[in-house]
Amino acid sequence: MALFIPPQKKTLTRSVPVRTLSHEMAQEADLPGFRFHPTEEELLEFYLKHVVSGKKLQFDPIGTLNLYLHDPWELPGLAKNGEREWYFFVPRDRRLGGGGRPNRTTKNGYWKATGSDRKIVRLLDPKRLVGLRKTLVFYLGRASRGIKTDWIMNEYRFSDNSPLSKDMVLCKIYRKATSLKVLEQRAAMEEEDARLFQASLQIPSELNNLTEPQVPNLNMDWSQDLLWSQSSSPWLQTLTPSASLLNF
1 MALFIPPQKK
11 TLTRSVPVRT
21 LSHEMAQEAD
31 LPGFRFHPTE
41 EELLEFYLKH
51 VVSGKKLQFD
61 PIGTLNLYLH
71 DPWELPGLAK
81 NGEREWYFFV
91 PRDRRLGGGG
101 RPNRTTKNGY
111 WKATGSDRKI
121 VRLLDPKRLV
131 GLRKTLVFYL
141 GRASRGIKTD
151 WIMNEYRFSD
161 NSPLSKDMVL
171 CKIYRKATSL
181 KVLEQRAAME
191 EEDARLFQAS
201 LQIPSELNNL
211 TEPQVPNLNM
221 DWSQDLLWSQ
231 SSSPWLQTLT
241 PSASLLNF
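When the letters of the sequence shown are read in order and numbered with UniProt numbering, they come out as residues 1 to 248.
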């Protein structure tokens, strides 16, 4: 007699998008191999849009920070993730609404904008504007006397015509890659400095090896004889007044 096995109910499986990541799945972000590399369109259309709209993600890889209270080399330790790029939501300076420049000064320097803002458009619809990107460079010191560094900031925001809030921007911090030519120049300078340093160490030892100069021993009797012979010369004797003065 054959056994009757009831048919099992089929279950549908589907991939889970980033928007619905559970808490357990979010913990997988700490696993080796996980990298956070969003595109500029994703930074604006997804992450920044959710924040300014008051929506909270179950898995939020970007924290909120007033980064102008910190110098750039402090920011990697304050970011939620990142190895070479660090992301932050930054409250926008209120003075921007009045048409003035924002205060981008830190404890030891300031951020300076370079060039004009770049338009970010949709990849599949290039005619549609997504937002704007401003590039800034960090300078040590104060304005007009600052020293340029290799710290770069990309500030993403929505355009003035967008209905979305402008009270928050998204910033990406990173260090500019040094060119091969600059690295070669630095290596050559370091080698030259090392060579000069080694040469300076050898100078004292060479001085110790120098022989003491020989000073000739002058015979004072010979000097006196020479003076006497000159005073006794017939030419000197013709100078009677001079000879009498010398008591010869």
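C-beta atoms are modelled at their ideal positions from N, C-alpha and C, and glycine is treated no differently. In this text the structure is predicted, and so the values were computed from the model without any measurement.
**Asked** Does DSSP put F46 in a helix, a strand or coil?
**Response** Looking up residue 46 in the sequence shown gives position 46. In the structure shown, F46 sits in a helix (DSSP, three-state: H, G or I).
**Asked** Just how far apart, CA to CA, sit G54 and H37?
**Response** Taking the first residue of the sequence shown as position 1, residue 54 is located at position 54. Taking the first residue of the sequence shown as position 1, residue 37 is located at position 37. Here the alpha carbons of H37 and G54 stand approximately 23 Å from one another.
**Item:** Beta carbon of V130 nearer than 8 Å to that of E41
**Value:** Position 130 of the sequence shown holds residue 130. Position 41 of the sequence shown holds residue 41. Yes; because the gap between Cβ atoms is below 8 Å, this pair is in contact.
**Message:** Going by C-alpha to C-alpha distance, which of K80, Y174 and L201 sits closest to F34?
**Reply:** Numbered from its first residue, the sequence shown carries residue 34 at position 34. Looking at the Cα atoms, K80 is the closest of the given residues.
**Request:** Measure the alpha-carbon distance for R92 versus R133 and round it to whole angstroms.
**Result:** As a working note, residue 92 is residue 92 in the sequence shown. As a working note, residue 133 is residue 133 in the sequence shown. Computed Cα separation, rounded: 14 Å.
**Request:** Taking 8 Å as the cut-off, decide whether the C-beta atoms of A85 and K172 are in contact.
**Result:** The residue you call residue 85 lines up with position 85 of the sequence shown. The residue you call residue 172 lines up with position 172 of the sequence shown. It is worth fixing the name first, because residue 85 is Glu in this sequence and not Ala. For E85 and K172, yes; Cβs fall inside 8 Å.
**Message:** Taking the alpha carbon of L69 as the reference point, which residue from V51, L201 and W111 has its own alpha carbon closest?
**Reply:** In the sequence shown, the residue the question calls residue 69 occupies position 69. Minimum Cα distance to L69 is reached at W111.
**Request:** Assign I147 to one of two classes, buried (16 or more other C-beta atoms within 10 Å of its C-beta) or exposed (fewer than that).
**Result:** Sequence index remark: in the sequence shown, residue 147 carries index 147 (1-based). Sixteen is the threshold: since fewer than 16 other Cβ atoms of the shown chains lie within 10 Å of the Cβ of I147, the residue is exposed.
**Message:** Restricting to runs no shorter than 4 residues, where is the alpha helix (DSSP H) found entirely within the UniProt domain "NAC" (30 to 176)?
**Reply:** 49 to 52
**Message:** I believe L164 touches K56 by the beta-carbon criterion, under 8 Å. Please report the beta-carbon distance rounded to the nearest angstrom.
**Reply:** Start at 1 with the first residue of the sequence shown, and residue 164 comes out as number 164. Start at 1 with the first residue of the sequence shown, and residue 56 comes out as number 56. Not a contact, Cβ separation roughly 16 Å.
**Message:** Let me confirm a value: F88 is counted as buried when at least 16 other C-beta atoms fall within 10 Å, else exposed. Which label applies?
**Reply:** Position 88 of the sequence shown, counted from the first residue, corresponds to residue 88. Result: buried.
**Request:** With distances taken Cα to Cα, identify the nearest neighbour of D167 among L78, I152, N161 and R157.
**Result:** For this step, residue 167 is matched to residue 167 along the sequence shown. Ranking the options by Cα distance to D167, first place goes to R157.
**Item:** Inter-residue spacing [alpha-carbon to alpha-carbon] between R195 and F59
**Value:** Numbered from its first residue, the sequence shown carries residue 195 at position 195. Numbered from its first residue, the sequence shown carries residue 59 at position 59. C-alpha of R195 to C-alpha of F59: approximately 54 Å in a straight line.
**Prompt:** Got a sec? Which residues, its chain only, sit under 6 Å from P76 by beta carbon, not counting five neighbours each side?
**Reply:** Here residue 76 is taken as the residue at index 76 of the sequence shown, counted from 1. So the qualifying residues of the chain are W86.
**Request:** Using the Cα positions of R122 and R128, report the straight-line distance between them to the nearest angstrom.
**Result:** Numbered from 1 along the sequence shown, position 122 holds the residue referred to as residue 122. Numbered from 1 along the sequence shown, position 128 holds the residue referred to as residue 128. Rounded to the nearest whole angstrom, the CA to CA distance from R122 to R128 is 6 Å.
**Straight-line gap, L67 to V90 (C-alpha atoms, nearest Å)** = Indexing the sequence shown from 1 puts residue 67 at position 67. Indexing the sequence shown from 1 puts residue 90 at position 90. The straight-line gap separating the alpha-carbon atoms of L67 and V90 is approximately 7 Å.
**Request:** Measure from the alpha carbon of L136 to the alpha carbon of each residue in P126, S200 and T114, then state which is nearest.
**Result:** On the sequence shown, position 136 is the one that residue 136 refers to. Per the Cα distances, T114.
**Asked** Rounded to whole angstroms, how far is the Cβ of D71 from the Cβ of G109, which I believe are closer than 8 Å?
**Response** Here residue 71 is taken as the residue at index 71 of the sequence shown, counted from 1. Here residue 109 is taken as the residue at index 109 of the sequence shown, counted from 1. Right, their Cβ atoms sit about 7 Å apart.
**Message:** Using the Cβ count rule (16 or more neighbours within 10 Å means buried), how would you classify F197?
**Reply:** As a first step, residue 197 must be located in the sequence shown, where it is residue number 197. Looking at its Cβ environment, which holds fewer than 16 other Cβ atoms inside 10 Å, F197 is exposed.
**Prompt:** Just the Cα atoms here: how many angstroms apart are M153 and L201?
**Reply:** For this step, residue 153 is matched to residue 153 along the sequence shown. For this step, residue 201 is matched to residue 201 along the sequence shown. In this structure, the straight-line span from the alpha carbon of M153 to that of L201 is close to 45 Å.
**Request:** Can you give me the Cβ contacts of S22 inside the same chain, cut-off strictly under 7 Å, excluding the 5 residues immediately before and after it?
**Result:** If you number the sequence shown from 1, residue 22 lands on position 22. Low confidence applies to S22: its pLDDT is 40, below 50, so where it sits in the model is not reliable, and the reading given next is rough at best. The answer, listed in chain order, is Q58.
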